[in-house]
Amino acid sequence: MNFENKKATRQSYGEALVELGKENNNVVVLDADLAGATKTNMFAKEFSERFFDMGIAEQDMIATAAGLATCGKIPYASTFAVFATGRAYDQIRNSICYPNLNVKICATHCGITVGEDGATHQMLEDINLMRGLPNMTVISPADDVEAKWAVKEAAKINGPVYIRFGRAASPIIHENEEKLELGKGIQFGEGIDATVFATGIMVAEALKAKEELEKEGINIRVVDFHTIKPIDKEMIIKCAKETKKLISVEEHSIIGGLGSAVAEVLVENYPAKLTRMGIKDCFGKSGSAGELLKYFGLTSKDIIEKIKNN
1104 MNFENKKATR QSYGEALVEL GKENNNVVVL DADLAGATKT NMFAKEFSER
1154 FFDMGIAEQD MIATAAGLAT CGKIPYASTF AVFATGRAYD QIRNSICYPN
1204 LNVKICATHC GITVGEDGAT HQMLEDINLM RGLPNMTVIS PADDVEAKWA
1254 VKEAAKINGP VYIRFGRAAS PIIHENEEKL ELGKGIQFGE GIDATVFATG
1304 IMVAEALKAK EELEKEGINI RVVDFHTIKP IDKEMIIKCA KETKKLISVE
1354 EHSIIGGLGS AVAEVLVENY PAKLTRMGIK DCFGKSGSAG ELLKYFGLTS
1404 KDIIEKIKNN
């Protein structure tokens, strides 16, 4: 697999919005004064009458999106993940999820790969916050292909959707959308030595680990969980039955994220040991994306080490 072809999923988001805007006149986009960074400026340039810059007022943006949804529009509300899910949590809970309104919250700059902006801007709890809300669908794309699919798939769902996009460029691992289905994980390989459950940019790191381990005669499988909620229970149980070790890896706190979702399925259906890799109950730090992945033990080398020694 070629890991050199890269694109930031926030860029994919902007491009997909324009495509979706051409297909559906009811799609409107709201942003909280970060259109250049979230890439919603692409939509604004193409459809200025359907774009609303709400200023640095995230709570107002979410409430306005809720109002637009009651009028038959399909609002895509965007800002950085730390503001989208943290600052506006009350509005998401009570104005969108409780009445089950058709709003899509598309948050960029998630996880530690936000980089030098540091702990205040590195949102590591957003999956936890969003998957705990009734009626909310949670999607965490791994690459350009999944990101564009997620944007368009969200428009087909009649209800709240949260999509998580990254700042840094990440490898494009999918060739097309053929295998993408909401709520269904994608399995790479048939190895029985271990299963690595991964989401977001960690899918590429897990696949790099898979390739390196094969050279040593260790055969694992990687499961790409682009959908965190609803989680693919059947896939988790299948892998637990067929492989010797289970590991989850995510650019998110190990509390409440993918690892927790997998553990919940296991404990209720097929009890098995799960090793969770992620941010271990702490805040992020300032540094480059690559430096931070190494610091927090989230590189392909760290995954290899965990498989060999756990």
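In our numbering, each number is its position in the sequence shown, counted from 1, plus 1103. Every residue, glycine too, gets a C-beta built ideally from N, C-alpha and C.
**Message:** Rounding to the nearest angstrom, what Cα-Cα distance links Val-1352 and Gln-1290 in this structure?
**Reply:** 15 Å
**Request:** Output the boundary residues of the beta strand (DSSP E) element that contains Val-1185.
**Result:** Note, Val-1185: premise wrong, no beta strand (DSSP E); not H, not E.
**Request:** Determine the extent of the alpha helix (DSSP H) in which Lys-1311 is found, giving its start and end residues.
**Result:** 1305-1317
**Item:** Span of the beta strand (DSSP E) around Phe-1291
**Value:** 1289-1291
**Prompt:** Along the chain, which unbroken stretches of the beta strand (DSSP E) at least 3 residues long are found entirely within the segment 1308-1385?
**Reply:** 1323-1327, 1330-1332, 1349-1356 and 1378-1382
**Message:** Please give the ranges of any beta strand (DSSP E) in the segment 1191-1227, keeping only runs that are unbroken, at least 3 residues long and fully inside the region.
**Reply:** 1207-1211
**Request:** Give the single residue among Val-1306, Thr-1223, Val-1264 and Val-1248 whose Cα lies nearest to the Cα of Ser-1115.
**Result:** Val-1248
**Message:** Using the three-state DSSP reduction, which class does Leu-1133 fall into: helix, strand or coil?
**Reply:** strand
**Item:** CA-to-CA distance, Asn-1144 to Ser-1151, given in whole angstroms
**Value:** 9 Å
**Asked** Rounded to a whole number of angstroms, what is the C-alpha to C-alpha distance between Gly-1175 and Pro-1237?
**Response** 21 Å
**Request:** Would you mind reading off the limits of the beta strand (DSSP E) that contains Thr-1298?
**Result:** 1297-1301
**Request:** Hey, could you find the ends of the beta strand (DSSP E) Thr-1240 is sitting in?
**Result:** 1240-1242
**Request:** Indicate whether Arg-1153 and Cys-1213 have their beta-carbon atoms separated by less than 9 Å.
**Result:** no
**Message:** Give me the residue from Ile-1159, Gly-1381, Leu-1123 and Glu-1337 with the minimum Cα distance to Asn-1372.
**Reply:** Glu-1337
**Asked** Between Ala-1147 and Asp-1163, is the Cβ-Cβ spacing less than 9 Å?
**Response** no
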